[in-house]
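In case it helps, the working numbering puts the sequence shown at residues 2 to 344. Positions of the beta carbon are idealized from the N, C-alpha and C atoms, including for glycine. Below: the structure, in structure tokens.
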Amino acid sequence: MKTALSFLFILLAVQISANDLIIVEPSNDVLDQFLDDDISFQNIDDLSKVLNTDKQKFKRYKIKEYIKEAPTTPKIQYAVLMKNSSLYKLDKDVIIKNPSKMYVSAREVLYGGKWSYIYDKKKNAKYRTLTKNLAFLEEVIKLRSTIAGNKIYPKKNKYHSVDRSIPVEMHFIYRSESTDFKTLNTLATDELETAKSNSLSIKSYFNSLLPIDLGLVFDYQSGIVESESDSITWSSISIGPTIKYDFYSYGDLVFNTQFAVKKSLLFNATSEFSSASYSSLAWQLGVEAAYKTKYGSFSLGIENSFIKTSIKGELQNQASFSNSKETINQSALTVGYQYTWIL
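Here it is, written out as structure tokens:
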């Protein structure tokens with residue numbers, strides 16, 4: 002009985018196993034067959050011939066470079082990239098070289114670091130290169146002149162300096178004058194209308210930063226006037242302040258206008274029968290053209306004066322005269338020489 006029960010259980014187990022059985026077909030893969038077979042050196046050699054591992058291609062992966070941006074990151078600057086510099090492309094495993102020198106936008110990875118980035122027009126980092134391949138121009142650009150090269154600037158006065166020397170402009174002038182000297186009629190037996198005279202004048206101007214030059218004038222004048230029955234000669238010395246303004250220049254040619262006020266220190270007139278001393282105060286206005294040369298400046302000009310005169314008093318052994326004041330006009334042509342020296 003016990004034996005019959007054991008046999009029955011065995012039949013039931015076989016039946017259940019048959020129902021759950023999965024049939025696996027043999028694999029055609031060479032590697033699977035190699036694993037199923039007994040391992041031997043011969044099987045390994047056969048497998049290597051079938052797989053041909055020498056022709057296997059392996060994909061290379063490049064790790065994307067992380068570019069750090071922080072407040073302490075070096076700034077992008079204008080730089081010169083040296084010829085034949087090695088450039089490492091950031092998104093590909095490619096190295097190129099530039100055939101010639103070029104200007105680029107670049108920055109160091111770290112201040113004083115070995116590597117630097119090169120940027121494209123959109124300010125995106127494109128390449129990496131050694132810092133020694135770059136010559137940054139930021140400091141050089143700061144030294145560049147800010148003066149516009151296409152603009153014409155007027156010539157500066159060479160006396161605009163910071164030293165304490167004072168340039169003095171000396172004028173030596175010869176003047177030929179025509180004077181309506183009615184005052185001399187007091188000494189003449191005939192009526193006088195126009196007198197001729199000549200003057201030598203020395204003017205000194207102190208050139209300064211002001212547009213107007215201030216100076217001093219010293220004049221010596223002598224003249225003679227003749228009538229049918231008499232002749233009168235006179236001489237005078239006068240001194241006073243003067244100003245000059247250069248209002249136009251063209252190359253070496255300079256035009257100026259001058260104004261002076263002169264007071265007589267000595268003014269004597271003598272005729273055949275009498276003599277007298279005078280007092281005068283003159284306002285003088287003139288225009289002059291001066292041409293500069295390496296030997297100094299030569300000038301031509303015209304002047305006009307308005308003179309207040311009066312008889313100052315009699316000379317020795319002469320009777321008294323009326324001291325009424327008269328205004329006379331004087332016009333002149335001038336020829337001069339100018340020279341500047343340092344005081």
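Give the DSSP bridge partners of residue i, in chain order.
i	result
residue 288	258, 303
residue 170	206, 341
residue 242	217
residue 119	107, 128
residue 311	280
residue 93	Beta-bridge pairing links residue 93 to no other residue.
residue 328	309
residue 137	80
residue 268	237
residue 351	Because the chain spans 2 through 344 in this model, residue 351 falls outside it and cannot be assessed.
residue 196	180
residue 225	197, 234
Under a Cβ-count criterion, where at least 16 other Cβ atoms within 10 Å of its own Cβ denotes burial, should residue i be classed as buried or exposed?
i	result
residue 92	exposed
residue 68	exposed
residue 149	exposed
residue 253	exposed
residue 24	Any reading at residue 24 must be qualified, since the residue scores a pLDDT of 46, below 50, and its modelled position is unreliable; no value is offered.
residue 134	buried
residue 279	buried
residue 224	buried
residue 113	exposed
residue 177	exposed
residue 218	buried
residue 243	buried
residue 296	exposed
residue 128	buried
residue 95	exposed
residue 277	buried
residue 154	exposed
residue 251	exposed
residue 22	Interpretation of residue 22 is limited by its pLDDT of 45, a score under 50 that renders its predicted location unreliable; no figure is taken from the coordinates.
residue 298	buried
residue 1	With the chain covering only 2 through 344, there is no way to say anything about residue 1.
Give me, in chain order, the residues of the same chain whose beta-carbon lies closer than 6 Å to that of residue i; leave out the 5 immediate sequence neighbours on both sides.
i	result
residue 283	263, 306, 308
residue 122	none
residue 18	Because residue 18 carries a pLDDT of 48, less than 50, the predicted location of this residue cannot be relied on, and the following value inherits that uncertainty. Contacts found: none.
residue 88	97, 128, 130
Leaving aside the five residues before and after residue i along the sequence, list all residues of the same chain whose C-beta is less than 7 Å from its C-beta, in chain order.
i	result
residue 76	108
residue 137	78, 80
residue 267	237, 238
residue 221	200, 201, 238
residue 115	131, 132
residue 208	160, 168, 170, 214
residue 249	256
Measure the beta-carbon distance from residue i to residue j and round it to whole angstroms, keeping in mind my assumption that it falls under 8 Å.
i	j	result
residue 174	residue 204	7 Å
residue 245	residue 206	5 Å
residue 255	residue 291	5 Å
residue 330	residue 181	5 Å
residue 103	residue 339	About 58 Å; that fails the 8 Å criterion.
residue 106	residue 84	18 Å between Cβ atoms; not a contact.
residue 118	residue 110	6 Å
Identify, in the order they occur along the chain, each residue of the same chain with its Cβ nearer than 8 Å to the Cβ of residue i, setting aside the five sequence neighbours on each side.
i	result
residue 343	166, 167, 168, 169
residue 66	91, 129
Report yes or no: do the stretch 296-305 and the stretch 225-242 share at least 3 C-beta pairs separated by less than 8 Å?
No, the stretch 296-305 is not in contact with the stretch 225-242.
Does the stretch 276-293 come within contact of the stretch 248-262, defined as at least 3 CB pairs closer than 8 Å?
Result yes; three or more Cβ-Cβ pairs closer than 8 Å.
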